[in-house]
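Take any residue in the sequence shown, count from 1 to its spot, add 63: that is its number in our numbering.
Following: one structure in structure tokens, then a few remarks.
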Amino acid sequence: MNITTRRATLDDAPQLADIARRTFFDTFTGTCTEVDMASFLEAYYNLDLVKAELSNEQDMYFLAESGGQLVGYLRFMEDYASLPMMKQWKALELKRIYVDKPFHGQGVAQVLIDLVFTYAAEHQYEVVWLGVWEHNKKAQRFYEKYGFVNSGHTHYFPIGNTPQTDFWFWKYL
Ligand SMILES: CC(C)(COP(=O)(O)OP(=O)(O)OC[C@H]1O[C@@H](n2cnc3c(N)ncnc32)[C@H](O)[C@@H]1OP(=O)(O)O)[C@@H](O)C(=O)NCCC(=O)NCCS
64 MNITTRRATL
74 DDAPQLADIA
84 RRTFFDTFTG
94 TCTEVDMASF
104 LEAYYNLDLV
114 KAELSNEQDM
124 YFLAESGGQL
134 VGYLRFMEDY
144 ASLPMMKQWK
154 ALELKRIYVD
164 KPFHGQGVAQ
174 VLIDLVFTYA
184 AEHQYEVVWL
194 GVWEHNKKAQ
204 RFYEKYGFVN
214 SGHTHYFPIG
224 NTPQTDFWFW
234 KYL
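What follows is the structure, given as structure tokens:
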């Protein structure tokens with residue numbers, strides 16, 4: 064599979080919002096109520112918000128494409144809001160890495176995560192960190208394969224009224 068990546072632009076907002084909603088739904092459906100899922104998607108993945116995020120130069124969205132088709136996306140940013148203790152380092156938060164279901168297991172996420180590490184090295188970051196749902200074992204295995212470890216710190220991440228806990232993983236560079 065030939066996978067290319069590029070930084071997303073404002074013109075990509077509709078297709079980015081679309082894949083973001085679909086992959087979030089595919090990953091978390093059944094872990095919360097349908098109402099909570101619908102309200103979460105509307106609150107965090109609506110087109111206006113995606114456009115605003117794409118307009119922020121610091122907010123790094125990248126698309127993975129194959130054969131002219133969008134197959135996954137990545138979002139990372141230097142943003143300490145969710146975990147202020149990271150301020151002691153020059154740190155990047157890996158906010159999202161999602162691959163569309165039909166393309167799982169074909170190396171798309173590998174290409175995307177390599178992009179984060181290359182960016183981090185080029186900009187002298189000391190650590191990359193991320194939140195992952197405690198029961199998302201597949202993603203945890205993926206991160207561990209690339210050298211992330213469970214920091215032991217957790218984070219409350221509700222989907223609507225459904226309580227969920229995320230682990231903070233990090234990788235020192
Ligand atoms: C976790 C996730 C991002 C991984 O994406 P992916 O593109 O399937 O990952 P990769 O293909 O790079 O690697 C997955 C496996 O496929 C294998 N693989 C990679 N390229 C391959 C190829 N050409 N042929 C066969 N297998 C391949 C990898 O070695 C890896 O094997 P492993 O099970 O031993 O780790 C993806 O499952 C996903 O989007 N999940 C839902 C969203 C999610 O949970 N995101 C994280 C939220 S915190």
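Each residue gets a CB set at the ideal place from its N, CA and C atoms; glycine is no exception.
For clarity, every value in this text was computed on a predicted model and none was experimentally measured.
What are the boundary residues of the alpha helix (DSSP H) that residue i is part of?
i, result
"Gln-173", "171-185"
"Asp-99", "97-107"
"Glu-156", "Careful: Glu-156 lies outside any alpha helix (DSSP H), inside the beta strand (DSSP E) at 154-162."
DSSP state of residue i, grouped into three classes?
i, result
"Ile-82", "helix"
"Glu-207", "helix"
"Leu-133", "strand"
"Leu-146", "coil"
Work out the CA separation of residue j and residue i for me, nearest whole Å.
i, j, result
"Phe-205", "Gly-131", "26 angstroms"
"Met-149", "Tyr-143", "6 angstroms"
"Tyr-188", "Phe-211", "15 angstroms"
"Lys-114", "Ala-76", "6 angstroms"
"Leu-63", "Val-98", "This structure gives no information on residue 63, because the portion of the chain shown stretches from 64 to 236."
"Asp-163", "His-218", "26 angstroms"
"Pro-221", "Gly-135", "24 angstroms"
"Ser-129", "Tyr-235", "31 angstroms"
"Val-179", "Lys-153", "14 angstroms"
"Gly-223", "Thr-67", "35 angstroms"
"Ile-176", "Ile-160", "8 angstroms"
"Thr-90", "Val-174", "20 angstroms"
"Tyr-124", "Ala-83", "11 angstroms"
What do you reckon, is the C-beta of residue i under 8 angstroms from a heavy atom of ligand 1?
i, result
"Ile-160", "yes"
"Gln-121", "no"
"Ala-34", "Because residue 34 is not part of the residues shown, which for the chain are 64 to 236, the question remains open."
"His-216", "no"
"Met-149", "no"
"Leu-193", "yes"
In the DSSP assignment, find the beta strand (DSSP E) that holds residue i and state where it starts and stops.
i, result
"Tyr-219", "212-219"
"Lys-234", "228-235"
"Leu-193", "190-196"
"Thr-67", "67-70"
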